[in-house]
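Enquirer: Numbering (this note's numbering), first residue to last: 20 to 161.
Structure, rendered in C-alpha cells:
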C-alpha cells in the first residue's frame, strides 16, 4: 500500500474524530472497554444557559472524570463541588466505586483532595514547570 505521511499542528474536526474513533473502536473490540459509557452532570441557569458541567466515562466499577468546568464568573460558589458530587452519584447508580482523574498544579489538585481524592502519581515538570497529578477516590461499593 502506498501512502502519504504528513504532520500538523491542527486538523479538521472530522480528522481528529476519525483518529479518536479508530482508537476507541479498537479498544472496544480487544480491550476491557466493552460496556463503557459516558457520564455527565450539567448545571444550567434559569434561562437554560449551561453554566457548568462534568463529563467522563465509566466501565466496570471505574469512572474517569475527564472534564469539570464552571463559568469563570461563577467559580468559588461551590458549583464545582455540586457538579462533582452529581457526577459521582450518577456513576454510582451504575455500580462505580473507584473514581480517577488527571489534573495539574494550575488547575485544582487541592479541590479534588478536599473531595477525598488522593494522588496516585505525580509527573513533575509537566508541562513547563508544573506538575501533572493522577488522582483516585475509592468508595464503598454501591
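No residue lacks a Cβ here, since even glycine has one placed at the ideal position from N, Cα and C.
These figures come from a predicted structure and were not determined experimentally.
With 16 other CB atoms within 10 Å as the buried threshold, where does residue 154 fall?
Expert: Buried: at least 16 other Cβ atoms inside 10 Å.
Enquirer: Give the DSSP bridge partners of residue 140, in chain order.
Expert: 153
Enquirer: If I follow the unbroken alpha helix (DSSP H) through residue 86, where does it start and stop?
Expert: Element bounds for residue 86: not the alpha helix (DSSP H) but the beta strand (DSSP E), 81 to 89.
Enquirer: Could you give the distance in angstroms between the alpha-carbon of residue 45 and the alpha-carbon of residue 78?
Expert: 16 Å
Enquirer: From what residue to what residue does the beta strand (DSSP E) around residue 35 run?
Expert: Per DSSP, residue 35 belongs to no beta strand (DSSP E); it is in the alpha helix (DSSP H), 32 to 49.
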